[in-house]
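Below you'll find the structure, written out as structure tokens, and then a few comments.
Residue numbers (my numbering): 1 to 138.
This is the structure:
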């Protein structure tokens with residue numbers, strides 16, 4: 001049963017560009033979901049998307065860690081998920097950037113089995129591998 005989603009990807013873009021895509025609310029709203037993120041520890045913000053049964057379309061978040069061009073971490077609570085954590089860690093590889101992604105804290109049978117599978121599919125097969133790349137190529 002999944003308690004965390006982990007993924008590492010190397011992007012053919014400089015670290016400053018990947019960092020901007022992760023921490024600028026307009027950028028993040030374009031490739032992930034509309035949001036009002038400010039990369040300031042303690043800042044509370046929301047992602048908003050289309051609702052469906054059991055989920056009102058709102059993900060409540062709070063910035064937990066910010067290390068400039070290195071790490072962004074925030075809480076993620078929406079639907080049946082309560083107090084999970086999303087973390088992005090960046091490492092410069094010349095003109096490329098390695099991103100280590102972790103979404104952790106899945107509790108309860110339903111969240112560990114069903115919700116984590118849905119989110120794994122979204123994060124790994126669309127958000128980080130298609131949407132973010134498409135945004136960075138602009």
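Ideal placement from N, C-alpha and C gives every residue a C-beta, glycine not left out.
Mind checking which residues open and close the alpha helix (DSSP H) that includes residue i?
| i | result |
| --- | --- |
| residue 22 | 15–23 |
| residue 134 | 132–136 |
| residue 8 | Not the alpha helix (DSSP H): residue 8 falls in the beta strand (DSSP E), residues 4–11. |
| residue 80 | From DSSP, residue 80 is part of no alpha helix (DSSP H); its letter is neither H nor E. |
| residue 125 | No alpha helix (DSSP H) contains residue 125, which DSSP labels as neither H nor E. |
With a 10 Å radius around its C-beta and 16 neighbouring C-beta atoms as the bar for buried, classify residue i as buried or exposed.
| i | result |
| --- | --- |
| residue 1 | In this prediction, residue 1 has a pLDDT of 48, which is less than 50 and means its spatial position is unreliable; nothing more can be read from the coordinates. |
| residue 78 | buried |
| residue 5 | buried |
| residue 68 | exposed |
Quick one, are the C-beta atoms of residue i and residue j less than 8 Å apart?
| i | j | result |
| --- | --- | --- |
| residue 59 | residue 76 | yes |
| residue 111 | residue 85 | no |
| residue 101 | residue 123 | yes |
| residue 11 | residue 97 | yes |
| residue 57 | residue 50 | yes |
| residue 90 | residue 18 | yes |
| residue 21 | residue 119 | no |
| residue 34 | residue 23 | no |
| residue 74 | residue 3 | no |
Between the options, which lies nearest to residue i when the distance is taken from Cα to Cα?
| i | options | result |
| --- | --- | --- |
| residue 14 | 116, 126, 70 and 117 | 70 |
| residue 47 | 127, 32, 41 and 132 | 32 |
| residue 61 | 132, 72, 113 and 91 | 72 |
| residue 150 | 37, 24, 104 and 54 | In the structure displayed, the chain extends from 1 to 138; residue 150 sits before or after that span and is not available. |
Could you tell me the boundaries of the beta strand (DSSP E) in which residue i lies?
| i | result |
| --- | --- |
| residue 99 | 96–104 |
Subject >> Length-filtered (3 minimum) beta strand (DSSP E) runs lying within the region 37–69 >> reply: Entirely contained in the region 37–69, the beta strand (DSSP E) runs reaching 3 residues are, in chain order, 44–48 and 58–67.
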